[in-house]
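Here the structure comes first, spelled out in C-alpha cells, and everything after it is commentary.
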Ligand code: PGA
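Residue numbers (my numbering): 639 to 888.
As C-alpha cells, then:
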C-alpha cells in the first residue's frame, strides 16, 4: 500500500514571518495521520519553517538542488546543504525550471542520483504542453521524460523517487486536468516504470498529480487508483491547504 503524500510548492513566495504564521496554522489543523506532508519553501525560509515543524510530522522539501556536490557554482545549493537543513524531499525538473532555467532530462537524472545518495527523495516533475497534448504526443513525451530521468537509477533506490505528473496547461491556470486525464497519465507513468524495473517495483513508486489542485478538487483526484497525492502550488499558500491534506487517502 503506497502512503499518500501532499507537497506544497511555495515557489518564490513567503518571507520568514509569513512562513511561521502559515505553517503554525496548518500544523494545528492537520487531522489525518497516515499521509506524508511536506513544504518546498524558499531557501531563505527553511530555518523559520524548521522551527515550526520540528516537533511535527510535517517535513521540509527543497525546490531545487545543484547536481554537483560542491564547487564554484555561484548562487547554487548543494545536497549536503539540504541535508544540513533536514530536507527530506527535493523537486527536480519542475516545468518552470525546465522552461526558465534550462533544466534538461539529463540534468534531472544527475540531480536524482545525487539526492538518492544522500537519502533525500527526489520529486521529479514530468508533463506536456497543451500543444503536445492536442497533437497526441503527450504519452511519448512523458515516457521519454521518465526514462531519461531514471536512466541507470539503482533498482534498490528507485522506490524513493516520487514522480509528479504536472501538465503545463494546468499549472497556475486554474484549469485542472479531469480526474480521468490525470489517472490515465499517472497509470501510464506506472506502466513505464514497470517497463524499466518490473511491476512489483512500479507498484511501490508514488505518483502524484499537480496542476491547480485545491481544496475543492483534491478528494476526487486522490480517489483515483494511481494518484498517490499531489504537488500543490497556489493553493498551498493559504490556510485552506489543510483541506487538501485532509483529503488524502489514509
Ligand atoms: P499550481 O502549481 O498548483 O499553482 O497549479 C503546481 C506546481 O507548479 O507544482
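Heads up, the beta-carbon is just placed ideally off N, CA and C, and yes, glycines get one too. From a predicted model like this one, the values you see are computed outputs, not experimental measurements.
Between residue 662 and residue 703, is the Cβ-Cβ spacing less than 8 angstroms?
Against the chain shown, residue 662 aligns to sequence position 24. Against the chain shown, residue 703 aligns to sequence position 65. No, the pair does not count as a contact, with Cβ atoms beyond the cut-off.
Using CA coordinates, which residue listed in 685, 698 and 820 is at the minimum distance from residue 894?
Because the chain spans 639 through 888 in this model, residue 894 falls outside it and cannot be assessed.
How would you label residue 674, buried or exposed, when you count the other beta carbons within 10 angstroms and need 16 or more for buried?
Mapped onto the chain shown, residue 674 falls at position 36. The residue is buried, with at least 16 neighbouring Cβ atoms inside 10 Å.
Would you call residue 813 buried or exposed, if buried means 16 or more other Cβ atoms sit within 10 Å of its Cβ?
Residue mapping note: residue 813 aligns to position 175 of the chain shown, counting from 1. The residue in question, residue 813, is exposed, as its Cβ has fewer than 16 Cβ neighbours within 10 Å.
Are the CB atoms of residue 740 and residue 806 nearer to each other than 8 angstroms?
If you number the chain shown from 1, residue 740 lands on position 102. If you number the chain shown from 1, residue 806 lands on position 168. Taking 8 angstroms as the Cβ cut-off, residue 740 and residue 806 do not qualify as a contacting pair.
Keeping to the same chain, check which residues put their C-beta closer than 7 angstroms to that of residue 868; ignore five residues upstream and five downstream.
As a working mapping, residue 868 is identified with position 230 in the chain shown. 644, 846, 847, 848, 851, 856, 859 and 882.
May I ask you to list the residues that DSSP assigns as paired with residue 848?
Counted from its first residue, the chain shown places residue 848 at position 210. DSSP, once it has assigned bridges, lists 869 as partnering residue 848.
Once the 5 residues before and after residue 874 are set aside, which same chain residues still bring their CB inside 6 angstroms of it?
Against the chain shown, residue 874 aligns to sequence position 236. 646, listed in sequence order.
Output the distance between the C-alpha atoms of residue 698 and residue 827, rounded to the nearest integer angstrom.
As a working mapping, residue 698 is identified with position 60 in the chain shown. As a working mapping, residue 827 is identified with position 189 in the chain shown. In a straight line, the C-alpha of residue 698 is about 26 angstroms away from that of residue 827.
Under the three-state reduction of DSSP, which class applies to residue 726: helix, strand or coil?
Residue 726 sits at position 88 when you count from the first residue of the chain shown. Three-state result, residue 726: strand.
Say whether the region 722-735 touches the region 706-713, bearing in mind that this needs 3 or more beta-carbon pairs closer than 8 angstroms, one atom from each stretch.
no
Taking residue 685 as the reference, which of 665, 723, 649 and 660 has the closest Cα?
Locating residue 685 in the chain shown gives position 47, counting from the first residue. It is 723 whose Cα lies nearest to the Cα of residue 685.
Which partner residues does residue 700 have in the DSSP bridge list?
Along the chain shown, read from residue 1 onward, the residue named residue 700 stands at position 62. Assignment of beta-bridge partners to residue 700 by DSSP yields 728.
Does DSSP classify residue 802 as helix, strand or coil?
Along the chain shown, one-based indexing puts residue 802 at 164. Of the three classes helix, strand and coil, the one that applies to residue 802 here is strand, per DSSP.
Write down the C-beta distance between residue 761 and residue 717 rounded to the nearest angstrom, noting that I regard them as a contact closer than 8 angstroms.
Position 123 of the chain shown, counted from the start, is the residue given in the question as residue 761. Position 79 of the chain shown, counted from the start, is the residue given in the question as residue 717. For a cut-off of 8 angstroms, the C-beta gap from residue 761 to residue 717 is around 14 angstroms, too long to register as a contact.
How about residue 683 and residue 652: are their beta carbons less than 8 angstroms apart?
Mapped onto the chain shown, residue 683 falls at position 45. Mapped onto the chain shown, residue 652 falls at position 14. Contact flag set, yes.
Could you give the first and the last residue of the continuous alpha helix (DSSP H) run that contains residue 745?
Here residue 745 is taken as the residue at index 107 of the chain shown, counted from 1. That run of the alpha helix (DSSP H) goes 743-755.
Write down the C-beta distance between residue 834 and residue 785 rounded to the nearest angstrom, noting that I regard them as a contact closer than 8 angstroms.
Walking along the chain shown from the start, residue 834 turns up at place 196. Walking along the chain shown from the start, residue 785 turns up at place 147. Indeed they touch by this definition, with Cβ atoms about 7 angstroms apart.
For residue 706, collect the residues of the same chain with a Cβ closer than 6 angstroms to its Cβ; drop the 5 residues on either side in sequence, then sort them by chain order.
Walking along the chain shown from the start, residue 706 turns up at place 68. Correct list: empty, nothing qualifies.
Could you give the residue range of the beta strand (DSSP E) that holds residue 674?
Looking up residue 674 in the chain shown gives position 36. Run containing residue 674: 673-678, per the beta strand (DSSP E) assignment.
Tell whether a beta-carbon distance below 8 angstroms holds between residue 763 and residue 802.
Taking the chain shown and counting its residues from 1, the one referred to as residue 763 is at position 125. Taking the chain shown and counting its residues from 1, the one referred to as residue 802 is at position 164. Yes. Within cutoff.
Roughly how far, in whole angstroms, is the beta-carbon of residue 730 from the beta-carbon of residue 749, given that I think they are within contact range, below 8 angstroms?
Residue mapping note: residue 730 aligns to position 92 of the chain shown, counting from 1. Residue mapping note: residue 749 aligns to position 111 of the chain shown, counting from 1. Yes, residue 730 and residue 749 are in contact; Cβ-Cβ is about 5 angstroms, under 8 angstroms.
Can you tell which of 768, 680, 872 and 650 has the C-alpha that lies nearest to the C-alpha of residue 901?
Within the shown structure, residues of the chain are numbered from 639 to 888, placing residue 901 beyond reach of any answer.
State buried or exposed for residue 693, treating a residue as buried only when at least 16 other CB atoms are found within 10 Å of its CB.
Along the chain shown, one-based indexing puts residue 693 at 55. Exposed, since its Cβ has fewer than 16 Cβ neighbours within 10 Å.
If you reduce the DSSP assignment to three classes, tell me which class residue 759 lands in.
In the chain shown, counting from the first residue as 1, residue 759 sits at position 121. Residue state, collapsed to three classes: strand.
For residue 804, is the classification buried or exposed, using 16 other Cβ atoms within 10 angstroms of its Cβ as the cut-off for buried?
Position 166 of the chain shown, counted from the start, is the residue given in the question as residue 804. By the 10 Å Cβ count, residue 804 comes out buried.
Count the other C-beta atoms from every protein chain shown that fall within 10 angstroms of the C-beta of residue 727, then say buried if there are 16 or more, exposed otherwise.
The residue given as residue 727 occupies position 89 in the chain shown. By the neighbour-count rule (16 or more Cβ atoms within 10 Å), residue 727 is buried.
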